[in-house]
Amino acid sequence: MTDQNPFDAMMKMSQDWAKSMNVDMEAFTPKGFEKLWPTMPKETMEMFFGKGINPDGLDAKTRLMLTLAGLTVLGAQAEAQIRLTVRHLVEAGATKQEIAEVIAQMGMFAGVPAMTKAMELATEVLEKDESA
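1 is the number of the first residue of the sequence shown in full-length UniProt numbering; add one for each residue after it.
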């Protein structure tokens with residue numbers, strides 16, 4: 001009989017199996033996947049989730065700001081989604097100030113650590129956009 005927890009043993013066996021299938025798995029990062037999703041043109045965003053859906057509804061920029069707010073409140077765990085949303089916000093015409101205000105406002109609901117992380121991710125995108 002072993003003293004090892006059966007769940008721990010199962011997890012170790014699964015991890016060992018995954019490593020045997022892909023030895024580079026330890027170096028895997030989902031950041032590379034972000035490049036697979038290009039930034040949509042403003043007109044396309046507006047057509048799919050802006051005024052194209054409901055002429056009297058919210059525009060794409062406002063919907064994206066709400067998305068960024070929600071992602072921030074979730075604890076800024078979805079790094080790729082935050083970066084993608086910031087890229088789309090820039091394309092939709094949002095200013096740096098507007099993006100920062102959305103994130104800062106969510107600090108009241110999500111807490112300072114989530115706000116700080118979201119701000120770091122947004123800054124990373126905005127600085128990259130400036131240097132391009």
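Backbone N, C-alpha and C fix where the C-beta goes; we use that ideal spot for every residue, glycine too.
Since the structure is predicted, the reported quantities are computational estimates derived from the model, not experimental observations.
Residue burial classification, residue i (beta-carbon count within 10 angstroms, cutoff 16)
i	result
Ile82	buried
Thr72	buried
Met45	buried
Met11	exposed
Short Cβ contact (7 Å threshold) for residue i with residue j
i	j	result
Gln60	Gly50	Note that residue 60 is Ala in the sequence shown here, rather than Gln. Contact: yes.
Ala114	Gly75	yes
Ile99	Ala80	no
Val102	Leu58	no
Asp126	Lys96	The displayed chain sequence assigns Leu, not Asp, to residue 126. Yes, Cβ-Cβ distance for Leu126 and Lys96 is below 7 Å.
Proximal residues to residue i (C-beta, below 7 Å), its chain only, five neighbours per side dropped
i	result
Thr39	Arg87, His88 and Glu91
residue 133	Nothing in the structure corresponds to residue 133, since the chain is present only between 1 and 132.
Three-state class that DSSP yields for residue i in the structure shown
i	result
Lys35	helix
Leu58	coil
Pro41	coil
Lys19	helix
Ile53	coil
Ala74	For clarity, residue 74 is Leu in the given sequence; the question names Ala instead. Coil, per DSSP.
Cβ shell of residue i (< 8 Å), same chain only, five flanking positions each side left out
i	result
Asp8	none
Chain-order list of residues whose beta-carbon lies under 6 Å from that of residue i (same chain, five-residue window excluded)
i	result
Ala110	Thr72 and Val73
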